[in-house]
Amino acid sequence: MPSTIRVGTAAIVLLVVAGVGQADFIAHFDQPAYNVLPGAAVSVQVLLDADTLAVGDQPTPGGLLSMGITVGFDSTKAVVGDISKVVLPLELRSDGLGGPPVLEVAPGQAKALGAVNVFTATEGYGGTLLATIEITNLALLGDSYALSLSRYSASPMFANFVDWNGIVLDNQVSFGSTIVNVVPEPASLALLGLGGLGLLLKRRRAATA
Numbered sequence: 144m145p146s147t148i149r150v151g152t153a154a155i156v157l158l159v160v161a162g163v164g165q166a167d168f169i170a171h172f173d174q175p176a177y178n179v180l181p182g183a184a185v186s187v188q189v190l191l192d193a194d195t196l197a198v199g200d201q202p203t204p205g206g207l208l209s210m211g212i213t214v215g216f217d218s219t220k221a222v223v224g225d226i227s228k229v230v231l232p233l234e235l236r237s238d239g240l241g242g243p244p245v246l247e248v249a250p251g252q253a254k255a256l257g258a259v260n261v262f263t264a265t266e267g268y269g270g271t272l273l274a275t276i277e278i279t280n281l282a283l284l285g286d287s288y289a290l291s292l293s294r295y296s297a298s299p300m301f302a303n304f305v306d307w308n309g310i311v312l313d314n315q316v317s318f319g320s321t322i323v324n325v326v327p328e329p330a331s332l333a334l335l336g337l338g339g340l341g342l343l344l345k346r347r348r349a350a351t352a
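In this note's numbering, the protein residues as written are 144 to 352.
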């Protein structure tokens, strides 16, 4: 059964004021690929780049009021243990009105909907880190699987990305993806290399005998 905190979900939606958007931007993972040991956990970061033409990740001009993301994966190959494995930046740990952010974990996905606290904040969130999620690998050695990013909800009733001025940015957001590769431990790789070298030496000795 999904672990869920749903306090104040509608509060973020009520903060939205339609308007003209800003430059195109993308939500993406911090690595194009992750190498993970069998059974190990990996912490992936979801980052925001508000200006894909500039070098490096750029924050939203004026700051971000709210955001919402879903990380998807094959439930037979990975798992997010519970909502404690989904961590938002301190500035986004609110539903916008003083309550906690909305965090959800279910088979094959982890979701987060967070906002600045409009009662205490004087500006929008000016960072580029949206969330850090700890994913435990279930796949076997040599396997791989994709991690996808999407909006918190596909419903038009939700405005996931909103700037500090209340402008909805959802129609400008694109989402990246990444891949997780299950690899052996470094010691195992070294042993495989030594084993291959030994086999090669045996073949050379046999050829010269």
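Even for Gly, the Cβ is constructed at its ideal location relative to N, Cα and C.
Since this is a predicted model, take the numbers as computed values, not measurements.
Note down the Cα distance separating Y177 from D313, rounded to an integer number of angstroms. 28 Å
Beta strand (DSSP E) segment containing Y288, residue limits: 287 to 294
Quick check on I138: does DSSP put it in helix, strand or coil? Missing from the structure shown is residue 138; the chain here goes from 144 to 352 and no further.
Less than 8 Å between the CB atoms is what I'm expecting for S237 and V305, so what's the real figure, rounded? Not a contact, Cβ separation roughly 13 Å.
From the DSSP output, which residues share a beta bridge with G215? Q252, S291
When we look at the beta-carbon of D192 and count the other beta-carbons within 10 Å, is it buried (16 or more) or exposed? buried
Measuring CA to CA, which of G199, K220, Q174, D194 is closest to L284? K220
How do the stretch 239 to 247 and the stretch 178 to 191 stand: do at least 3 beta-carbon pairs fall below 8 Å, yes or no? no
L157 to G199, Cα distance in whole Å? Only weak support exists for where L157 lies, its pLDDT of 36 falling under 50; the coordinates are left without a value.
Since A253 contacts V214 with CB under 8 Å, what's their CB separation in whole angstroms? 5 Å
In terms of alpha-carbon separation, which member of G206, P204, T321, V325 lies closest to D173? T321
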